[in-house]
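Notes to accompany the following structure.
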Amino acid sequence: MNRGAIVLCGGKSTRMGSPKALLPFGEEKMLQRVVRLVSEIVPHEQIVVVSAPGQELPSLPAAVRLAEDKRADRGPLEGLAAGLQAITSKTEIVYATSCDVPLLQPAFIEYLFQQIGNHDLVIPQEESFYHPLAACYRTSVLPSIRELLAADRLRPFYLLEKLDSIAIPIDQLRIADPELVSLNNLNTPTQYLAALAAAGFSVSPEWQAQADK
Numbered sequence: 023m024n025r026g027a028i029v030l031c032g033g034k035s036t037r038m039g040s041p042k043a044l045l046p047f048g049e050e051k052m053l054q055r056v057v058r059l060v061s062e063i064v065p066h067e068q069i070v071v072v073s074a075p076g077q078e079l080p081s082l083p084a085a086v087r088l089a090e091d092k093r094a095d096r097g098p099l100e101g102l103a104a105g106l107q108a109i110t111s112k113t114e115i116v117y118a119t120s121c122d123v124p125l126l127q128p129a130f131i132e133y134l135f136q137q138i139g140n141h142d143l144v145i146p147q148e149e150s151f152y153h154p155l156a157a158c159y160r161t162s163v164l165p166s167i168r169e170l171l172a173a174d175r176l177r178p179f180y181l182l183e184k185l186d187s188i189a190i191p192i193d194q195l196r197i198a199d200p201e202l203v204s205l206n207n208l209n210t211p212t213q214y215l216a217a218l219a220a221a222g223f224s225v226s227p228e229w230q231a232q233a234d235k
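Residue numbers (our numbering): 23 to 235.
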């Protein structure tokens, strides 16, 4: 199968209080780190980073493709549509992720690719909750996403109903990611500091003060 990846970073970062794509994580910015981790499974030229219009991004490998949401504040389906539109035509399946998962495990991505079989979508399931930005999609689902966007049906769950989907219980994913850290997206300063500590990086006094508020 020809693989690709879509990294979404156009969210508002309201609870974080600072653009998540630009947050320092060791010697990298968070988006740079996630792109690097994804590139252990998918080559740079098959990766698309989707941002909000005019959003500032850190430097990325030259082969990585850039795309923008056509309409702001429309959620992950809008970003997925932009990413699938920009992906190379030879790509059959993409892994979709947000930019705020700095502990992402490449083995987790590989495992999901292996599970898709003939399905349109393979997605982690945590009881009644699904993880649409830690999932693999066939590129052929783009028309279905566009239909949902045109109807203002913006919840990713609607896509599960529309596609031939397979849900993987998260405990099964521990085979590839024992602590399931690939599902730990960061929304608050406290979560950011915890991820830095888990990765062995120091915490700046400024961010510590923000988390202590």
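Even for Gly, the Cβ is constructed at its ideal location relative to N, Cα and C.
Tell me whether V71 sits in a helix, a strand or coil according to DSSP, three-state version. strand
Margin query: Between R37 and the ligand SAM, is there a pair consisting of the residue's CB and a ligand heavy atom that are separated by less than 7 angstroms?
Written below: Although the ligand SAM was asked about, the structure shown includes no ligands whatsoever.
(message) Can you list, in chain order, the residues of its chain with a C-beta nearer than 6 angstroms to that of K51? Leave out the 5 residues immediately preceding and following it.
(response) L44, P80
- Task: Alpha carbon to alpha carbon, how far is L164 from Q107? Give it in angstroms, no decimals.
- Result: Their Cα atoms are separated by approximately 8 angstroms.
- Query: What number of angstroms, rounded off, separates the C-alpha of V56 from the C-alpha of E183?
  - Reply: Linking V56 to E183 through their CA atoms gives a straight-line distance of about 29 angstroms.
Note to self: Taking the alpha carbon of V172 as the reference point, which residue from C158, R96, A27, Q68 has its own alpha carbon closest?
What the structure shows: Note that residue 172 is Ala in the sequence shown, not Val. For the residues C158, R96, A27, Q68, the minimum Cα distance to A172 belongs to R96.
Per DSSP, the bridge partner or partners of F151
E148
- Enumerated in chain order, which unbroken segments of the beta strand (DSSP E) with a length of 3 residues or greater are wholly contained in the region 146-206? 156-160, 187-191
query = What three-state label does DSSP hand K51 in the structure shown?
reply = strand
Coarse secondary structure for E90, derived from DSSP in three states: Judged by DSSP in its simplified three-state form, E90 adopts strand.
Notebook entry, point to check: Cα separation between R87 and A156?
Noted result: 20 angstroms
> Does the Cβ-Cβ distance between N209 and A217 come in under 8 angstroms?
Replying inline: no
Looking at the secondary structure, which residues open and close the beta strand (DSSP E) in which T119 lies? Per DSSP, T119 belongs to the beta strand (DSSP E) from 115-120.
Q) Start and end of the beta strand (DSSP E) containing G26? A) 25-30
Query - Supposed contact pair Q127 and D199 - C-beta distance, whole angstroms, cut 8 angstroms - result: 4 angstroms
Answer yes or no: do I69 and G32 have a C-beta to C-beta separation smaller than 8 angstroms? no
In its own chain, which residues sit with a C-beta less than 7 angstroms from the C-beta of E201, not counting the 5 before and 5 after it?
none
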